[in-house]
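Shown next, in the form of structure tokens:
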């Protein structure tokens, strides 16, 4: 009896947050499905148009390509930073960590703005190169996939570094020492002993970056200049320019399903619970 | 001392190069904000504070800043209160149902921002919340809740359940135990959650673009519109102030840790 009333009290603590999340978030997000099959007319017309449209196909292709390249870039660059912070302790280690956290706390909007200032036609990179006589005409560093990728990798890097670092800090150095003692070179010990132990951290970093990159809007919209239409920007474009709510909603459902599929596939290889729910 | 190997040189130089890539682009807004020109670029003939003056005297910029700050504080307070109660309840229960509830609460982290903004927009129209402060606060609170619930739950992971049994055994009610034993243990997580929630709200832009028109203008919205319409160096001044503020906060955090 007391157990039942206790459980009831625990649910009183849980309910307010859970209720507003379900009513004001889950319900409207699921409601998008309804818009996609009722506007402009009932039926699956929007989905037919979506599948038939080559612009939509291109947009999905760009989205997955940008997300994949961003993920690989973040993985490689982030691994080097995480490895150094975790394994070469020095007086500068706290500084290195602070330098990872600083951009993490600065808003994506500001970081994208910095890249516009740097990469624009008369941006600082082009101006400097011209003043130094390296180039005559400005390079196209922005309003193309290159600019989007540079800024996306910059924005996403901390999301790759932090989980990898958390994982590396839990790895004991005895195995690498044993391998070294048995005659393995530093590179061999790293490749065949250390690297495999870091795979869980790598997988969480990869998953976080990929899922976030799939739905990213701000950076591609600002750096892409309308030429790198990732699916999120394509959706707003449909809605704001053409008031095509039905098609925009159908695309949203498709993006949502794509994200869910990535998570479901990832769940077969990694422990989603420890990556998402029990994050430190 | 060991000789420094090529292996080590590769990783250490590589790491500093990547850190330079991470941080230097942020600092570029500092010289640009001090430009004496009326367009984005490095100072030509000298340094000027005109863009800071413009920011600090412009009614629109100031009111947007103030709006973002107070909405952020309200959102952080609401999200911390709701999220802490939620996490404590889930921690007590620790059964399958409570785990499903925890998954539901972190959904906003995974849903693409544009998709959730679309959902908000349609529902907020029905509720009459478009272009209202209440609408923005509600949306931001929902987006901030995952971060609070994760950090509070992480703080409770180290709390010994025997202490709860002792408290209950000595006659404390669920509420007394929650207030006197669990909440103090959750406090570090609540503080982290509060900061996270404030920043989530303070930086949020996509939902604000969908659910506000002219009535509500936040700082990110001003910056966004400024970038879209005409890039004037006032944005660089605002960006510099925000970067420096973050720099100071990060430095304090790093010093306190070490």
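Chains as they are written, first to last, in this note's numbering: chain A, 1007 to 1286; chain B, -19 to 238.
We put the CB at the ideal spot given by N, CA and C, even for glycine.
According to the neighbour-count rule (16 or more other Cβ atoms, all chains shown, within 10 Å of its Cβ), is residue i buried or exposed?
i	result
residue 1063 of chain A	exposed
residue 1065 of chain A	buried
residue 237 of chain B	exposed
residue 1052 of chain A	buried
residue 1247 of chain A	exposed
residue 1280 of chain A	exposed
residue -8 of chain B	buried
residue -19 of chain B	Its pLDDT being 47, under 50, residue -19 of chain B is placed unreliably in this model, and the value from its coordinates should be taken loosely. By the neighbour-count rule (16 or more Cβ atoms within 10 Å), residue -19 of chain B is not buried but exposed.
residue 100 of chain B	buried
residue 1180 of chain A	exposed
residue 1211 of chain A	buried
residue 104 of chain B	buried
residue 1275 of chain A	exposed
residue 204 of chain B	buried
Considering only their Cβ atoms, is the gap separating residue j from residue i smaller than 9 Å?
i	j	result
residue 72 of chain B	residue 162 of chain B	yes
residue 1126 of chain A	residue 207 of chain B	no
residue 967 of chain A	residue 1209 of chain A	The requested residue 967 of chain A does not occur in the structure, where chain A is confined to residues 1007 to 1286.
residue 177 of chain B	residue 60 of chain B	yes
residue 1267 of chain A	residue 1241 of chain A	no
residue 53 of chain B	residue 112 of chain B	no
residue 1114 of chain A	residue 183 of chain B	yes
residue 1046 of chain A	residue 1207 of chain A	no
residue 124 of chain B	residue 181 of chain B	yes
residue 56 of chain B	residue 174 of chain B	yes
residue 1102 of chain A	residue 229 of chain B	no
residue 223 of chain B	residue 9 of chain B	yes
residue 170 of chain B	residue 64 of chain B	yes
residue 1150 of chain A	residue 1217 of chain A	no
residue 1024 of chain A	residue 90 of chain B	no
residue 198 of chain B	residue 48 of chain B	yes
residue 1230 of chain A	residue 1153 of chain A	yes
residue 1081 of chain A	residue 2 of chain B	no
residue 1124 of chain A	residue 213 of chain B	no
residue 69 of chain B	residue 1019 of chain A	yes
residue 190 of chain B	residue 97 of chain B	yes
residue 1135 of chain A	residue 1145 of chain A	yes
residue 1086 of chain A	residue 1099 of chain A	no
residue 27 of chain B	residue 36 of chain B	no
residue 168 of chain B	residue 147 of chain B	no
residue 1119 of chain A	residue 77 of chain B	no
residue 22 of chain B	residue 117 of chain B	no
residue 1033 of chain A	residue 122 of chain B	no
residue 95 of chain B	residue 1038 of chain A	yes
residue 1161 of chain A	residue 1225 of chain A	yes
Have a look at residue i and residue j and give me their C-alpha separation to the nearest angstrom.
i	j	result
residue 1165 of chain A	residue 1104 of chain A	14 Å
residue 1157 of chain A	residue 149 of chain B	57 Å
residue 1220 of chain A	residue 186 of chain B	15 Å
residue 127 of chain B	residue 1028 of chain A	17 Å
residue 1131 of chain A	residue -11 of chain B	28 Å
residue 143 of chain B	residue 1257 of chain A	51 Å
residue 1282 of chain A	residue 83 of chain B	9 Å
residue 1249 of chain A	residue 1016 of chain A	45 Å
residue -2 of chain B	residue 7 of chain B	15 Å
residue 219 of chain B	residue 1172 of chain A	30 Å
residue 1272 of chain A	residue 1213 of chain A	7 Å
residue 1070 of chain A	residue 1139 of chain A	37 Å
residue 12 of chain B	residue 1112 of chain A	17 Å
residue 1036 of chain A	residue 164 of chain B	37 Å
residue 1014 of chain A	residue 154 of chain B	10 Å
residue 81 of chain B	residue 129 of chain B	11 Å
residue 209 of chain B	residue 92 of chain B	25 Å
residue 1083 of chain A	residue 1168 of chain A	12 Å
residue 1200 of chain A	residue 1182 of chain A	6 Å
residue 1205 of chain A	residue 38 of chain B	51 Å
residue 62 of chain B	residue 138 of chain B	21 Å
residue 1041 of chain A	residue 106 of chain B	14 Å
residue 1122 of chain A	residue 1147 of chain A	9 Å
residue 1072 of chain A	residue 1116 of chain A	21 Å
residue 1107 of chain A	residue 1095 of chain A	18 Å
residue -16 of chain B	residue 1093 of chain A	14 Å
With hydrogens ignored, establish whether the beta-carbon of residue i is closer than 8 Å to any heavy atom of the ligand COA.
i	result
residue 9 of chain B	No copy of the ligand COA appears in this structure; indeed no ligand is present at all.
Going along chain E, which residues have a C-beta under 7 Å from residue i?
i	result
residue 1013 of chain A	No chain E is present in this structure, whose protein chains are A and B.
task: Can you check the segment 22 to 70 of chain B for any alpha helix (DSSP H) of at least 4 residues that lies completely inside it and give the ranges in chain order?
output: Qualifying alpha helix (DSSP H) stretches, in chain order: 30 to 37.
query: Mind pulling the beta strand (DSSP E) runs of 3 or more residues that sit fully within the segment 120 to 149 of chain B?
result: The beta strand (DSSP E) runs of length 3 or more contained entirely in the segment 120 to 149 of chain B do not exist; there are none.
field: Start-end ranges of the alpha helix (DSSP H) lying completely within the segment 151 to 202 of chain B, minimum 4 residues
entry: Counting whole runs of 4 or more residues, the segment 151 to 202 of chain B contains the alpha helix (DSSP H) stretches 154 to 157, 163 to 183, 186 to 191.
Ordered list of alpha helix (DSSP H) runs contained in the segment 84 to 122 of chain B, each at least 4 residues: As for any alpha helix (DSSP H) of minimum length 4 sitting wholly inside the segment 84 to 122 of chain B, the runs are 87 to 90, 93 to 107, ordered along the chain.
message: So within the segment 1141 to 1210 of chain A, which uninterrupted alpha helix (DSSP H) runs reach at least 4 residues, ignoring any that extend past its ends?
response: If we require 4 residues or more, the alpha helix (DSSP H) runs fully inside the segment 1141 to 1210 of chain A come out as 1151 to 1175, 1180 to 1187, 1192 to 1195.
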